[in-house]
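Q: Could you have a look at this structure, given as structure tokens, before my questions?
Protein chains: 2
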Amino acid sequence: MNMKNYQNIVIGAGSGGLTVASGLANLGKQVLLVEASHVGGDCTNVGCVPSKTLIHLAKHFHPGMDANKVLAEVTRKRNWLRDKETEEMQHHPNIDFVQGYAKFVSANEIEVTGPDESVQHFNADRFFIATGARPRIVEVPGLAAEQILTNESIFDLTRLPHHLAIIGAGIIAIELAFAFRKLGAKVTLISLDERVLPRYPLEVSQAIQPELEKRGIRVHFQATSDHYEEDTRTLFARRHDEVFPIEDVDQVLLAIGRVRNIDHLDLEKAGVDFDRRGIKIDGFGRTNVKGIYAIGDVTPTSAFTHSANAQGRRVVQKVLYPFLPASKKEPLYPTSTFSDPEIATVGMTRHQIEEKFHPHLTLSLRIDLKEIDRGYTDDVEHGFILLDVMRLTGRILGATIVAPQASEMISLFTLAITRRVSMYKLYRQVYPYPTFSSAIQKISDAFMRETLPHIMREFKTYLRYRIFG
Amino acid sequence: MNMKNYQNIVIGAGSGGLTVASGLANLGKQVLLVEASHVGGDCTNVGCVPSKTLIHLAKHFHPGMDANKVLAEVTRKRNWLRDKETEEMQHHPNIDFVQGYAKFVSANEIEVTGPDESVQHFNADRFFIATGARPRIVEVPGLAAEQILTNESIFDLTRLPHHLAIIGAGIIAIELAFAFRKLGAKVTLISLDERVLPRYPLEVSQAIQPELEKRGIRVHFQATSDHYEEDTRTLFARRHDEVFPIEDVDQVLLAIGRVRNIDHLDLEKAGVDFDRRGIKIDGFGRTNVKGIYAIGDVTPTSAFTHSANAQGRRVVQKVLYPFLPASKKEPLYPTSTFSDPEIATVGMTRHQIEEKFHPHLTLSLRIDLKEIDRGYTDDVEHGFILLDVMRLTGRILGATIVAPQASEMISLFTLAITRRVSMYKLYRQVYPYPTFSSAIQKISDAFMRETLPHIMREFKTYLRYRIFG
Chain E
1 MNMKNYQNIV IGAGSGGLTV ASGLANLGKQ VLLVEASHVG GDCTNVGCVP SKTLIHLAKH
61 FHPGMDANKV LAEVTRKRNW LRDKETEEMQ HHPNIDFVQG YAKFVSANEI EVTGPDESVQ
121 HFNADRFFIA TGARPRIVEV PGLAAEQILT NESIFDLTRL PHHLAIIGAG IIAIELAFAF
181 RKLGAKVTLI SLDERVLPRY PLEVSQAIQP ELEKRGIRVH FQATSDHYEE DTRTLFARRH
241 DEVFPIEDVD QVLLAIGRVR NIDHLDLEKA GVDFDRRGIK IDGFGRTNVK GIYAIGDVTP
301 TSAFTHSANA QGRRVVQKVL YPFLPASKKE PLYPTSTFSD PEIATVGMTR HQIEEKFHPH
361 LTLSLRIDLK EIDRGYTDDV EHGFILLDVM RLTGRILGAT IVAPQASEMI SLFTLAITRR
421 VSMYKLYRQV YPYPTFSSAI QKISDAFMRE TLPHIMREFK TYLRYRIFG
Chain C
1 MNMKNYQNIV IGAGSGGLTV ASGLANLGKQ VLLVEASHVG GDCTNVGCVP SKTLIHLAKH
61 FHPGMDANKV LAEVTRKRNW LRDKETEEMQ HHPNIDFVQG YAKFVSANEI EVTGPDESVQ
121 HFNADRFFIA TGARPRIVEV PGLAAEQILT NESIFDLTRL PHHLAIIGAG IIAIELAFAF
181 RKLGAKVTLI SLDERVLPRY PLEVSQAIQP ELEKRGIRVH FQATSDHYEE DTRTLFARRH
241 DEVFPIEDVD QVLLAIGRVR NIDHLDLEKA GVDFDRRGIK IDGFGRTNVK GIYAIGDVTP
301 TSAFTHSANA QGRRVVQKVL YPFLPASKKE PLYPTSTFSD PEIATVGMTR HQIEEKFHPH
361 LTLSLRIDLK EIDRGYTDDV EHGFILLDVM RLTGRILGAT IVAPQASEMI SLFTLAITRR
421 VSMYKLYRQV YPYPTFSSAI QKISDAFMRE TLPHIMREFK TYLRYRIFG
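Going down the list, the protein sequences come from chains E and C. The numbering of the first sequence is our numbering, which starts it at 1 and goes up by one. The numbering of the second sequence is our numbering, which starts it at 1 and goes up by one.
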């Protein structure tokens with residue numbers, strides 16, 4: 001049997017896999033990179049890159065422009081970047097690239113089945129599993145295959161849907177709802193939950209919901225798709241026992257969560273532990289099997305490109321410099337959603353704060369952007385900055401921002417939380433006027449007003465619940 | 001003679017004056033507020049507020065919309081905010097408001113001449129001079145008064161100029177050039193300098209210049225206005241001995257710098273020191289005369305609303321709590337310019353760095369945004385992040401950002417420089433993908449590549465020029 005040996009095999013050429021492959025290869029290591037589909041993974045092909053191109057173009061779209069040209073441009077830009085990344089990987093002197101599906105034969109051997117059904121075997125000292133995730137699919141009886149979209153097919157559309165029904169109300173659903181609405185499509189969301197973006201704090205849903213309504217995007221809550229009637233182009237949705245029609249729907253986008261790409265890997269043969277939430281790893285991407293690592297969406301870590309990248313960087317560092325000191329604590333992974341306005345969060349969630357601290361110890365501070373001058377000039381109705389902080393010390397525990405540029409504003413808080421910069425320090429900082437960031441000035445004023453006049457009370461509370469608590 | 005006594009008199013109800021007046025009044029002090037024109041000063045009336053409203057509306061302007069309606073909306077929003085601020089000041093229980101021009105009679109007395117020529121006298125323990133600045137005017141022979149605009153009159157326009165000539169290429173000139181061009185006006189700039197925005201680093205001018213050209217905004221350098229010919233609607237400009245025509249100009253905006261409002265104050269009678277650059281103050285706004293303070297544009301401090309606010313806050317703190325410890329060092333004042341893309345800077349300028357450190361000690365790191373994914377998806381051609389850092393230690397000395405959201409991105413660097421967060425710490429931070437801020441990841445990678453493989457060289461350089469230098 002033809003068997004090739006490698007030091008490192010990376011399975012999956014998405015954000016996480018590419019970070020590890022190029023990280024190792026750029027430092028002189030030989031790498032075999034196995035990819036079943038396109039180089040670039042979700043991010044380049046069916047995620048961030050085409051969606052942000054679409055969102056950017058939709059922002060500048062106006063009546064009289066051709067929405068189909070926008071869709072064509074999204075596909076063109078995506079393909080250009082994909083080709084570039086594929087070329088880079090195929091021509092990297094230290095990377096061998098093979099197309100196909102990988103599965104484990106043992107803890108140090110994989111079998112790769114190519115597009116032509118040819119089978120190759122490889123073994124290696126180290127494997128890096130970065131196979132990512134794929135959209136979860138449900139059947140909608142009566143709906144033709146070409147009418148069902150997921151994030152994997154929507155960026156290949158050449159014609160703007162007349163009425164796009166979106167099943168789900170999570171990040172992908174909301175980002176695409178805003179973008180397709182701006183291009184002129186009618187958009188309706190159908191969600192099993194009681195609010196949009198249910199994984200974000202309630203305040204976020206309360207800010208985004210009216211922004212959807214303002215644009216004429218209807219959301220049906222506690223409902224799901226039932227069946228489609230082709231003659232009348234009607235999608236029937238179901239809420240409990242009630243079935244109701246959504247009229248004139250021509251395309252349906254499924255955005256109801258993601259399934260980790262684990263099943264075809266035959267992980268059992270390598271003895272790698274996993275469960276419903278993904279392949280189990282420690283803070284350096286190590287699985288229970290020595291020499292087998294996992295990174296990105298296939299693990300339980302936050303499912304963002306930047307977290308896959310950051311994990312990849314940590315894994316490369318640990319593999320190449322195992323004796324260098326490295327913080328066991330993973331860095332903070334911010335979240336960001338490119339809705340309009342954008343959403344970004346970092347730090348502890350409410351739930352984590354409530355688990356860790358007595359409620360008397362912490363303080364929620366919120367400034368609505370419409371109360372500051374930039375919110376007024378820019379007509380921002382529903383944005384805010386919300387900070388959860390420790391009383392007395394002013395330590396920042398978590399930050400939630402809903403603002404036109406939230407994804408750029410959040411990194412200040414990532415730094416503040418990581419470096420333990422308190423509200424007292426943020427209070428002394430000067431923020432350019434008139435920016436949305438200048439709300440940080442107001443929010444630190446609010447902290448000072450809550451703290452300084454009641455300093456003895458705050459001190460006693462802190463002693464009681466934090467020191468002796 | 002009718003003489004009223006006050007504890008505190010604030011002269012000027014702009015950003016700086018309002019901060020002091022409401023700061024003192026909210027803490028129970030009696031304040032007389034004197035204003036010659038409108039409450040809100042430049043920022044509310046003829047600066048940030050109307051210009052950012054205009055910039056925001058211009059961003060969303062497209063063919064088929066009515067530019068004159070945009071101008072009317074700018075005026076409406078400005079007036080609403082002005083009325084609100086005026087009302088707040090006039091009805092504040094601790095603030096007496098008087099309309100008129102103030103001048104000093106002595107170090108503890110002023111005379112105020114009202115709009116009806118009535119004269120009142122006031123004395124006080126403390127005076128806060130916040131009279132700001134006004135646009136510098138040059139005459140353009142042949143041009144009718146109503147065709148000459150400054151930032152004080154341009155937001156009262158009811159009709160979009162056909163061809164707006166702007167004399168100057170500083171912040172006000174550039175912000176308004178982009179905005180009026182987007183509304184459909186033809187825009188031409190005439191500048192005595194050799195590049196746009198000459199007070200910013202050269203790299204900034206090099207990024208903004210092609211963005212102006214891309215939009216069809218022509219800049220005539222090393223030139224100034226000569227005269228105007230009404231019959232042919234031609235503005236003649238002069239470069240050295242050559243006079244050349246700029247055709248079909250109907251309005252001319254003067255944006256050639258600002259003059260501090262000092263001359264009418266009779267500062268000599270109070271014995272207050274000043275020069276061409278403004279009233280001389282220390283880090284707490286104190287002039288050479290005990291009890292007389294100055295803040296904002298009338299001083300040599302950076303001429304931004306946020307610096308006037310910050311100065312005002314420091315002054316209030318020092319006046320009310322003189323024994324509280326307060327850093328003598330003023331906070332960092334960032335700059336921001338709302339061009340397209342935006343510009344923001346913070347920290348030491350190149351010039352200050354060159355004066356303070358040997359050139360071998362510092363490192364300039366630059367990442368162009370077109371090299372990162374968000375720059376690609378959003379078609380950003382000329383943005384960048386540029387950091388000047390100390391070799392070896394990675395201490396950040398100055399940051400310059402040209403990016404669509406530079407004014408929101410800069411506060412991360414204000415914090416990093418103030419708290420001495422090094423490039424090593426920024427390297428470990430995770431930035432949301434795909435944001436412009438993720439360029440910080442790339443720039444810290446570049447620092448690591450420059451430093452780690454040459455650590456002994458960097459260490460020797462540091463010892464030689466920093467420790468023993």
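Glycine included, every Cβ here is placed at the ideal spot set by N, Cα and C. Quantities reported herein were computed from a predicted structural model and do not represent experimental measurements.
Using the rule of at least 16 other Cβ atoms within 10 Å of the residue's Cβ for burial, across every protein chain shown, is Glu355 (chain E) buried or exposed?
A: With fewer than 16 other Cβ atoms within 10 Å, it is exposed.
Q: Using a cut-off of 7 angstroms between C-beta atoms, extract the partners of Ile410 (chain E) located in chain C.
A: Under the 7 angstroms cutoff, chain C gives Pro432.
Q: Can you find the residues in the same chain that come closer than 6 angstroms, C-beta to C-beta, to Glu109 (chain E), ignoring five residues on each side of it along the sequence?
A: The residues are Asn123.
Q: Listing by chain order, which chain E residues have their CB less than 8 angstroms from the CB of Thr284 (chain C)?
A: It is worth fixing the name first, because residue 284 (chain C) is Phe in this sequence and not Thr. Residues of chain E passing the Cβ test: none, with the nearest at roughly 14 angstroms.
Q: So with Cβ pairs under 8 angstroms, would you call His163 (chain E) a contact of chain C?
A: Chain C, which has no Cβ nearer than 8 angstroms to the Cβ of His163 (chain E), makes this no.
Q: Buried or exposed: Glu408 (chain E), going by 16 or more other Cβ atoms within 10 Å of its Cβ?
A: Its Cβ being crowded by 16 or more others within 10 Å, Glu408 (chain E) is buried.
Q: Is it buried or exposed for Ala310 (chain C), if we count other Cβ within 10 angstroms and need 16 for buried?
A: When all chains shown are included, Ala310 (chain C) counts as buried.
Q: Have a look at the DSSP bridge pairing and note the partners of Arg260 (chain E).
A: DSSP, once it has assigned bridges, lists E:Ala133 as partnering Arg260 (chain E).
Q: Determine, using beta carbons only, whether Arg199 (chain C) and Ala223 (chain C) come nearer to each other than 8 angstroms.
A: Not in contact: Arg199 (chain C) and Ala223 (chain C) (Cβ atoms no closer than 8 angstroms).
Q: Can you list, in chain order, the stretches of the beta strand (DSSP E) that have 3 or more residues and sit fully within the segment 243-327 of chain C?
A: Qualifying beta strand (DSSP E) stretches, in chain order: 251-254, 258-260 and 292-294.
Q: For the segment 136-153 of chain E against the segment 211-221 of chain E, are there 3 or more C-beta pairs whose distance is under 8 angstroms?
A: The answer is no - the segment 211-221 of chain E does not touch the segment 136-153 of chain E, with fewer than three Cβ pairs under 8 angstroms.
Q: Which one or two residues does DSSP pair with Asn123 (chain C) in a beta bridge?
A: Bridge partners of Asn123 (chain C): C:Asn5 and C:Glu109.
Q: Please report the distance separating the alpha-carbon of Ile372 (chain C) from that of Ser438 (chain C).
A: One C-alpha to the other measures close to 8 angstroms.
Q: Go to Asp83 (chain C), then tell me how far its alpha helix (DSSP H) extends in each direction, as first and last residue.
A: That run of the alpha helix (DSSP H) goes Ala67 to Gln90.
Q: For Pro201 (chain E) and Thr400 (chain E), which I take to be in contact (beta-carbon distance under 8 angstroms), what is that distance rounded to the nearest angstrom?
A: 6 angstroms between Cβ atoms; contact.
Q: Unbroken alpha helix (DSSP H) runs of length 4 or more, entirely within the segment 346-381 of chain C: which are they?
A: Counting only runs of 4 or more, we get 350-356 and 373-377.
Q: Can you list, in chain order, the residues of the segment 347-379 of chain C whose Cβ is nearer than 7 angstroms to any Cβ on chain E?
A: Of all residues in the segment 347-379 of chain C, Asp373, Arg374, Tyr376, Thr377 and Asp378 have a Cβ within less than 7 angstroms of some Cβ in chain E.
Q: Would you grab the beta carbon distance between Glu342 (chain C) and Ala303 (chain C) for me? Rounded to a whole angstrom, and I think it's under 8 angstroms.
A: Going by Cβ atoms, the distance from Glu342 (chain C) to Ala303 (chain C) rounds to 18 angstroms, so no, they are not a contact pair.
Q: Quick one: Cα of Thr345 (chain E) to Cα of Tyr228 (chain C), how far?
A: Straight-line Cα distance between these residues: approximately 56 angstroms.
Q: For Leu332 (chain E), return the contacting residues in chain C, with the cut-off set at a CB-CB distance below 7 angstroms.
A: Ordered by position in chain C, the residues that pass the 7 angstroms Cβ test against Leu332 (chain E) are Val430.
Q: Please identify, using Cβ separations under 9 angstroms, the residues of the segment 432-458 of chain E that lie next to chain C, in order along the chain.
A: Residues passing the 9 angstroms Cβ filter: Pro432, Tyr433, Pro434, Thr435, Phe436, Ser437, Ser438, Ile440 and Gln441.
Q: Roughly how many whole angstroms lie between the Cα atoms of Lys77 (chain E) and Ile367 (chain C)?
A: Cα-Cα distance, rounded: 21 angstroms.
Q: Where do the N-terminal and C-terminal ends of the alpha helix (DSSP H) with Gly23 (chain C) fall, by residue?
A: Its alpha helix (DSSP H) spans residues Ser15 to Asn26.
Q: With a threshold of 6 angstroms on Cβ separation, who are the neighbours of Met348 (chain C) within its own chain once the five nearest residues in sequence on each side are excluded?
A: Same-chain partners within the cutoff: Leu397 and Gly398.
Q: Can you check whether the C-beta of Arg464 (chain C) is within less than 8 angstroms of a C-beta belonging to chain E?
A: No, because no Cβ of chain E sits closer than 8 angstroms to the Cβ of Arg464 (chain C).
Q: Residues of chain C with CB under 9 angstroms from His121 (chain E), in chain order?
A: Within 9 angstroms Cβ-Cβ: nothing; His121 (chain E) doesn't reach chain C, min ~35 angstroms.
Q: Under 8 angstroms between the Cβ atoms of Thr158 (chain E) and Leu18 (chain E)?
A: No, the Cβ-Cβ distance between Thr158 (chain E) and Leu18 (chain E) is not below 8 angstroms.
Q: Taking the alpha carbon of His92 (chain E) as the reference point, which residue from E:Gln30, E:Leu57 and E:Gln429 has its own alpha carbon closest?
A: Ranking E:Gln30, E:Leu57 and E:Gln429 by Cα distance to His92 (chain E) puts E:Gln30 first.
Q: When you compare each of C:Ser225, C:His240, C:Pro245 and C:Leu365 to Thr232 (chain C) by their alpha carbons, which one comes out closest?
A: Closest by alpha carbon: C:Pro245.
Q: According to DSSP, which residues form a beta bridge with Tyr228 (chain E)?
A: In DSSP, Tyr228 (chain E) forms a bridge with E:Leu235.
Q: Going by CA-CA distance only, name the one from C:Tyr462, C:Ser51 and C:Val20 that's closest to Phe357 (chain C).
A: Selected option, being the one with the closest Cα: C:Tyr462.
Q: How about Val421 (chain E) and Arg419 (chain C): are their beta carbons less than 8 angstroms apart?
A: Going by C-beta atoms, Val421 (chain E) is nearer than 8 angstroms to Arg419 (chain C).
Q: Identify the contact partners of Arg233 (chain E) in chain C, using a Cβ-Cβ distance below 8 angstroms as the criterion.
A: The premise fails here: Arg233 (chain E) is roughly 31 angstroms from chain C at the closest Cβ pair, so nothing lies under 8 angstroms.
Q: How big is the Cα-Cα spacing for Gly508 (chain E) and Val259 (chain E)?
A: This structure gives no information on residue 508 (chain E), because the portion of chain E shown stretches from 1 to 469.
Q: From the beta carbon of Asn2 (chain E), is the nearest beta carbon of chain C less than 8 angstroms away?
A: So, not an interface residue.
Q: Could you work out which residue in C:Lys318, C:Gly23, C:Arg134 and C:Asp250 is closest to Ile262 (chain C) when comparing CA atoms only?
A: It is C:Arg134.
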